[in-house]
Amino acid sequence: MKHLEQSRIALLAGGELGRLEGWLAQRHIARCAECRAELAGFCLAANDLRELAEAMPELPNNLNWNRLSEEINGNIRVGLAAGEAIALFDKPVRTKPRLGWNAALVILGATLIFGIAFWTSLPPQQAEHLLASLKRIRTERIGTVIHSGAATPDEAVVEASSSGIQVKENGRTLSLMQPRSDGATVSISMQGSAGVRFVDADTGQVTTNKVYYADQ
Amino acid sequence: MRTSSVLLASVLALLPLNSVVLAAALPKIDFPADSPVDLLSADYGESNESARGGALLLDFHAALSLRNAGQRKIRGITLVVSAQEVTPGGKGSVTITSLDVGPQETFPVRIDLRLLRPLQAASSVPVQIGLDGVLFDDLSFYGPDKLSSRHTMALAEWEARRDRRYFKSVLASGGPERLRQEMLESLTHEADRPSMDVQVVRGGRATNFEPEKQLQFAFVHLPDSPVEPVDGMARIAGNEARAPRLEVKNRSDRAIRYLEVGWIVHDQAGREFLAGSVPAELNLAPGQQSRIFENATLKFPQLGAQPLAIESMTGFVSSVEFADGTLWIPTRGDLGSPQLQRVMASSDEEQRLARIYRKKGLAALVAELNKF
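Just so you know, the sequences run in chain order A and B.
Quick note on my numbering: the first sequence kicks off at 1 and runs consecutively.
Quick note on my numbering: the second sequence kicks off at 217 and runs consecutively.
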């Protein structure tokens, strides 16, 4: 047979079970000697407590329950604060930086040395290209337009001057130079070509050098 | 034996490291089997390569001797020069116009090429030289024409014929002294003509932080031009001019397949120069209107201490090619207008004739004019 829970028997002894639950519990106790004994024990204890309370002096009539509650809460807060303060004192004091910071400093130093060595050993053309690429990334990310006298090296630039014409691409250049000549006429086409025309001083021929980019 | 090895090593060590005789980079010259010109000889005597910091500089000088292997007179030739390892997207061309090379006659072509590339790149720089086109005296053409050399050379030939006609008429009407005056004026004009270094970037973002503004083109209307510029504008920021847009109308009775609009730039200091041209391949029927757009940026470097600031622009139709292959070019009267005269260069032929006058005298010039 399944016995009643102790809490249920205690509530029955105090007359605090509901009607239905109380009736069911009474039915079980009528058939179960063990639970009946348990109930009797609870009833005796309740009588003892009632007699003890009657023997105690009465509480003062003017007791301020709210103030008492505030005092209890205040004491709890003081206790908690004291506990936190003590916990801080209990933590071990670190006199040396952690190993993690040491490792980070070592890696930072090594990176710095590697970066300087890499930059100094980089050919100027490639360094310029790298710098321009970084500038371009900055421009695209931040949206600030950077002033530059020339286009970035990764853009194909066609250039014409009286000394020659050239097409620049990724830091590489193809130039057609103008030999000794009598004057030169420079021309630019918006389709991406540059030309220089001159009369060759040696041959007397009218020569037009041109450079083109892309699909021309 | 041992002594000679040491000597050889010493000699090699004394050789300047930055000046190496070019051996591996001899160009590949490839003319088609049915080419009207033959390569007789090629001399690369002064070519060399040298290290410049982290880059390798290749100075390539070729003196080619070509022969007219056909039966017609050659008036112009275009050779294409490329170095795929250096500039995959870029190439060069050398065009010689105003030639008068008869069958089996030889003529020289000089190519002075400079290539700059990083040292780490491949060791050899193969330079390829090919034929893009040959123009004959009957204006017929041979060649692949990948660089539009047919148009370039035909234009030069039309200008040459126009100018020879003009100087012949000057000689006939005013005699040798009038021709001398014309030549002196031509030489003075070339010496005084403003010139400017220019860059063009295809697409190209603005690199100037100055505010951008839209600027309208003013147009020089040439009375005989088959194309009328109607409207045009470009975006200007300081010394940069971007994305020109032009509206043109065919006012002739023939279809047009190509045209070029010259672009004159005026700056705030009052200077002006021919900045470039806006070419367009189109199919423009008689009376039809069309829009030309080039997504490119012109950049003008600083002139000494004074930065160039574009204030206004002028456009004019500089050449037109009709669908039948014939050309229109401005007359000498058109070019004499005040707006164009200041900035336009003399034609190839006029420069050649002026040089003959300067080097050999008036008699040689008259003889040259009488040859054609």
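Every residue, glycine too, gets a C-beta built ideally from N, C-alpha and C.
Exercise. Taking the alpha carbon of Gly552/B as the point to measure from, which residue in Gly269/B, Asp379/B, Lys307/B has its own alpha carbon closest?
Worked result: What you label residue 552/B is simply residue 336 of the second sequence in a count that begins at 1. The shortest C-alpha separation from Gly552/B is found at Asp379/B.
For this session: Please go through the same chain and pick out, in chain order, the residues whose beta-carbon is closer than 8 Å to the beta-carbon of Phe538/B, but skip the five residues on each side of it.
Result: For this step, residue 538/B is matched to residue 322 along the second sequence. Closer than 8 Å at Cβ, skipping near neighbours: Pro442, Ser468, Arg470, Ala471, Ile472, Arg473, Trp544.
Problem set entry | Environment of Lys2/A [buried if 16+ CB atoms lie within 10 Å] | Taking the first sequence and counting its residues from 1, the one referred to as residue 2/A is at position 2. By the neighbour-count rule (16 or more Cβ atoms within 10 Å), Lys2/A is not buried but exposed.
For this session: Identify the contact partners of Gly171/A in chain B, using a Cβ-Cβ distance below 7 Å as the criterion.
Result: Position 171 of the first sequence, counted from the first residue, corresponds to residue 171/A. Using a Cβ-Cβ cut-off of 7 Å, Gly171/A is close to Pro334 of chain B, given in chain order.
For this session: Please determine, among Gly306/B, Gln557/B, Ile345/B, Lys244/B, the residue with the shortest C-alpha to C-alpha distance to Asp408/B.
Result: For the purposes of this step, residue 408/B is identified with residue 192 of the second sequence, where counting begins at 1. Of the listed residues, the one whose Cα sits closest to Asp408/B is Gln557/B.
For this session: Classify Asn234/B as buried or exposed, calling it buried when 16 or more other Cβ atoms lie within 10 Å of its own Cβ.
Result: What you label residue 234/B is simply residue 18 of the second sequence in a count that begins at 1. Because the pLDDT of Asn234/B is 40, which lies under 50, any placement of that residue in the model is unreliable, and the number read from its coordinates should be weighed accordingly. With fewer than 16 neighbouring CB atoms inside 10 Å of its own CB, Asn234/B falls in the exposed class.
Problem set entry | Cross-chain neighbours of Val186/A in chain B, by beta carbon under 8 Å | In the first sequence, counting from the first residue as 1, residue 186/A sits at position 186. Chain B residues near Val186/A: Ser411, Met412, Asp413, Val414.
Problem set entry | Neighbouring residues, chain A, relative to Glu321/B (Cβ below 8 Å) | Numbered from its first residue, the second sequence carries residue 321/B at position 105. The premise fails here: Glu321/B is roughly 14 Å from chain A at the closest Cβ pair, so nothing lies under 8 Å.
Exercise. Buried or exposed: Ile113/A, going by 16 or more other Cβ atoms within 10 Å of its Cβ?
Worked result: Residue mapping note: residue 113/A aligns to position 113 of the first sequence, counting from 1. Residue burial is scored here from C-beta neighbours: Ile113/A has fewer than 16 other C-beta atoms within 10 angstroms and is therefore classed as exposed.
Exercise. Quick check: the segment 570-586 of chain B against the segment 388-406 of chain B, are there 3 or more CB pairs under 8 Å?
Worked result: With the rule of 3 Cβ pairs closer than 8 Å, the segment 570-586 of chain B counts as touching the segment 388-406 of chain B.
Exercise. With contact counted as at least three CB pairs below 8 Å, one residue from each stretch, are the segment 318-335 of chain B and the segment 269-277 of chain B in contact?
Worked result: Taking 8 Å as the limit for Cβ pairs, the verdict is that the segment 269-277 of chain B does touch the segment 318-335 of chain B.
Exercise. Taking the continuous alpha helix (DSSP H) assigned at Gly390/B, which residues delimit it?
Worked result: Taking the first residue of the second sequence as 1, we reach residue 390/B at position 174. Start and end: 365-408.
Exercise. How big is the Cα-Cα spacing for Asp564/B and Val206/A?
Worked result: Position 348 of the second sequence holds residue 564/B. Position 206 of the first sequence holds residue 206/A. Using only the alpha carbons, I get a separation of about 6 Å.
Exercise. Are any of the Cβ atoms in chain A nearer than 7 Å to that of Ala299/B?
Worked result: The count along the second sequence starts at 1 and reaches residue 299/B at position 83. With its beta carbon less than 7 Å from one in chain A, Ala299/B belongs to the interface.
Problem set entry | Gly164/A beta carbon less than 7 Å from that of Ser175/A | The residue you call residue 175/A lines up with position 175 of the first sequence. The residue you call residue 164/A lines up with position 164 of the first sequence. Using a Cβ distance threshold of 7 Å, Ser175/A and Gly164/A count as a contacting pair.
Problem set entry | Span of the beta strand (DSSP E), counted from its first residue to its last, around Asp275/B | What you label residue 275/B is simply residue 59 of the second sequence in a count that begins at 1. According to the DSSP assignment, Asp275/B belongs to the beta strand (DSSP E) that extends over 271-284.
Exercise. Out of curiosity, what's the CA-to-CA distance linking Leu578/B and Asp200/A?
Worked result: By one-based count along the second sequence, residue 578/B stands at place 362. By one-based count along the first sequence, residue 200/A stands at place 200. Those two C-alpha atoms are separated by around 20 Å.
For this session: For Leu130/A, decide whether its Cβ has a neighbour in chain B, counting only Cβ atoms nearer than 7 Å.
Result: In the first sequence, residue 130/A corresponds to position 130, counting from 1. Not an interface residue.
Exercise. What number of angstroms, rounded off, separates the C-alpha of Val297/B from the C-alpha of Gly346/B?
Worked result: For the purposes of this step, residue 297/B is identified with residue 81 of the second sequence, where counting begins at 1. For the purposes of this step, residue 346/B is identified with residue 130 of the second sequence, where counting begins at 1. The alpha-carbon atoms of Val297/B and Gly346/B are separated by roughly 7 Å.
Exercise. From Arg288/B to Leu371/B, what distance separates their C-alpha atoms?
Worked result: Position 72 of the second sequence holds residue 288/B. Position 155 of the second sequence holds residue 371/B. Taking the CA atoms as reference points, Arg288/B sits about 19 Å from Leu371/B.
For this session: Could you spell out where the beta strand (DSSP E) holding Gln166/A opens and where it closes?
Result: Taking the first sequence and counting its residues from 1, one reaches residue 166/A at position 166. 164-169 is the span of the beta strand (DSSP E), which, as asked, contains Gln166/A.
Exercise. What residue from Glu566/B, Val533/B, Leu255/B, Ile508/B has the CA that sits closest to Glu398/B's CA?
Worked result: Within the second sequence, residue 398/B is the residue found at index 182, counting from 1. Minimum Cα distance to Glu398/B is reached at Glu566/B.
For this session: Grab me the residues of Phe509/B's own chain with a C-beta within less than 6 Å of its C-beta, minus the 5 sequence neighbours each way, in chain order.
Result: For the purposes of this step, residue 509/B is taken as the residue at position 293 of the second sequence. The answer, listed in chain order, is Arg461.
Problem set entry | Nonlocal neighbours in the same chain, by C-beta distance under 8 Å from Ser187/A, ignoring five residues either side | Looking up residue 187/A in the first sequence gives position 187. Excluding sequence neighbours, Ser187/A sits near Ala160, Ala194, Gly195, Val196, Arg197.
Problem set entry | Interface flag, Ala231/A vs chain B, CB-CB below 7 Å | Because chain A in this structure spans residues 1 to 216, residue 231/A falls outside the shown range and cannot be described.
Problem set entry | Neighbourhood of Gly14/A by C-beta distance below 7 Å, restricted to the same chain and skipping five residues each side | Here residue 14/A refers to the residue found at position 14 of the first sequence. Once the five neighbours on either side are set aside, the close Cβ partners of Gly14/A are Ala46.
Exercise. Hey, how far is the Cα of Arg50/A from the Cα of Arg8/A?
Worked result: Within the first sequence, residue 50/A is the residue found at index 50, counting from 1. Within the first sequence, residue 8/A is the residue found at index 8, counting from 1. Arg50/A and Arg8/A: Cα-Cα distance of roughly 20 Å.
Exercise. Helix, strand or coil for Glu84/A per DSSP?
Worked result: In the first sequence, residue 84/A corresponds to position 84, counting from 1. Judged by DSSP in its simplified three-state form, Glu84/A adopts helix.
Exercise. Relative to the alpha-carbon of Val350/B, which residue among Ile327/B, Met369/B, Arg268/B, Ser389/B has its alpha-carbon at the smallest distance?
Worked result: By 1-based counting over the second sequence, the position of residue 350/B is 134. The residue from Ile327/B, Met369/B, Arg268/B, Ser389/B with its alpha-carbon nearest to that of Val350/B is Met369/B.
Problem set entry | Straight-line Cα distance separating Gly115/A from Trp229/A | Shown here, chain A extends from 1 to 216; a query on residue 229/A therefore has no answer.
For this session: Throw me the rounded Cβ distance for the Leu280/B and Leu242/B pair, which I believe falls under 8 Å.
Result: Along the second sequence, one-based indexing puts residue 280/B at 64. Along the second sequence, one-based indexing puts residue 242/B at 26. Wrong, their Cβ atoms sit about 13 Å apart, outside the cutoff.
For this session: List the endpoints of the continuous alpha helix (DSSP H) containing Ile609/B.
Result: Nothing about residue 609/B can be reported from this structure: the residues present for chain B run from 217 to 588 only.
Problem set entry | Cβ shell of Pro324/B (< 8 Å), same chain only, five flanking positions each side left out | As a working note, residue 324/B is residue 108 in the second sequence. Correct list, in chain order: Ala279, Leu280, Ser281, Leu282.
For this session: Could you tell me which chain A residues have their CB closer than 9 Å to the CB of Ser402/B, listed as they occur along the chain?
Result: Counting from 1 along the second sequence, the entry for residue 402/B is found at position 186. Those within 9 Å of Ser402/B in chain A number zero; the least Cβ separation is about 11 Å.
Exercise. Whose Cβ in chain B lies nearer than 7 Å to the Cβ of Val157/A?
Worked result: Here residue 157/A refers to the residue found at position 157 of the first sequence. Neighbours of Val157/A on chain B, chain order: Gln415, Val417.
Problem set entry | Continuous alpha helix (DSSP H) stretch holding Glu21/A: start and end | Within the first sequence, residue 21/A is the residue found at index 21, counting from 1. Where Glu21/A is concerned, the enclosing alpha helix (DSSP H) starts and stops at 19-31.
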